[in-house]
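Count along the sequence shown from 1, add 1, and you get the number used in my numbering.
For glycine and all other residues, C-beta sits at the position ideal for the given N, C-alpha and C.
Computed from a predicted model, the values in this text were never measured in an experiment.
Structure record follows, encoded as structure tokens.
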Amino acid sequence: MADLSKSNISINTDFNGASLLLFGSIAGKDGDDIIVVISAPPTEIITRKKSKMSGIWVNSNSIKWKNAPAFYQIFSTDTLSKIATRDVLQSLAIGTQFLNLKFEKSGEFDTNNYNEWVEALNRNMKSASLWKTNENAVQVIRGALLERRLTFQLTLRLETMRYGSFILGMDVLLPKIRLL
Numbered sequence: 002m003a004d005l006s007k008s009n010i011s012i013n014t015d016f017n018g019a020s021l022l023l024f025g026s027i028a029g030k031d032g033d034d035i036i037v038v039i040s041a042p043p044t045e046i047i048t049r050k051k052s053k054m055s056g057i058w059v060n061s062n063s064i065k066w067k068n069a070p071a072f073y074q075i076f077s078t079d080t081l082s083k084i085a086t087r088d089v090l091q092s093l094a095i096g097t098q099f100l101n102l103k104f105e106k107s108g109e110f111d112t113n114n115y116n117e118w119v120e121a122l123n124r125n126m127k128s129a130s131l132w133k134t135n136e137n138a139v140q141v142i143r144g145a146l147l148e149r150r151l152t153f154q155l156t157l158r159l160e161t162m163r164y165g166s167f168i169l170g171m172d173v174l175l176p177k178i179r180l181l
């Protein structure tokens, strides 16, 4: 069982972030790992490519991502690659590389460049601290209690956030909490 210290965050004109405490208890075995995923609902995000034309940098092409989360952070007790296999992480869509991104293209689009566009989206969201992987960031106390202070510096309007946590032991992933 896990919960957050606040269920509502007031966002007004002087809002510059929030600090929450993720806490809970686990009924797993000693050595089990935990992954917590916090994300905003999917939204539209535009990624643009700039080109130099007549000595001036201009937006020359863009992709509108149709279902990218405006906020996506992962917190875990260890590195994700040590906690679970790539196949397990992919099956649960844990990690930005496993998001089911859909897009609407504008201008010329070469499907061979799809990975470059995904990398650009990842780079932009990570540089804005909106997508982040925080490995070794969840503490398990006495093998049963978990805690992590979460600090969000948000400069955009997010109506709803959702979180889910998973307890992992060995190669088996057990969904423990999924609140929407």
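Close-in-space but distant-in-sequence residues of the same chain around residue i (CB under 6 Å, 5 per side omitted)
i    : result
T134 : I75
L131 : F72
A121 : T48
A94  : none
Residue range of the unbroken beta strand (DSSP E) whose run includes residue i
i    : result
I142 : Q140 to I142
S77  : Y73 to S77
T48  : P43 to M54
K67  : I57 to P70
K133 : W132 to N135
Pair within 9 Å by beta-carbon distance, residue i and residue j
i   : j    : result
Q98 : N123 : yes
L90 : G96  : yes
I36 : A85  : yes
Where the alpha helix (DSSP H) through residue i begins and ends
i    : result
K127 : Y115 to S128
I84  : L81 to I84
D34  : First-last for D34: D34 to S40, but that is the beta strand (DSSP E), not the alpha helix (DSSP H).
S92  : R87 to S92
Nearest-angstrom beta carbon gap, residue j and residue i [assumed within contact, 8 Å]
i    : j    : result
K50  : W58  : About 11 Å separates the two Cβ atoms, so there is no contact after all.
I39  : W66  : In fact, because the Cβ distance is near 19 Å, the residues do not count as touching under 8 Å.
I142 : K106 : Incorrect: roughly 49 Å between the Cβ atoms, too far for contact.
8 Å Cβ shell around residue i - same chain, five flanking residues per side excluded
i    : result
N137 : S77, T78, D79 and T80
P70  : S40, A41, P42, P43, T44, L100 and W132
Y115 : none
F104 : I64, K65, W66, K67 and W118
M54  : S61
Close Cβ partners of residue i (< 7 Å) along its chain, the five nearest in sequence each way excluded
i    : result
K127 : K133
L157 : For L157, the predicted model reports a pLDDT of 48, less than 50, meaning its position is unreliable and no value from the coordinates is stated.
R87  : none
Within-9 Å CB hit, residue i to chain C
i   : result
F99 : This model lacks chain C altogether; it includes just one protein chain.
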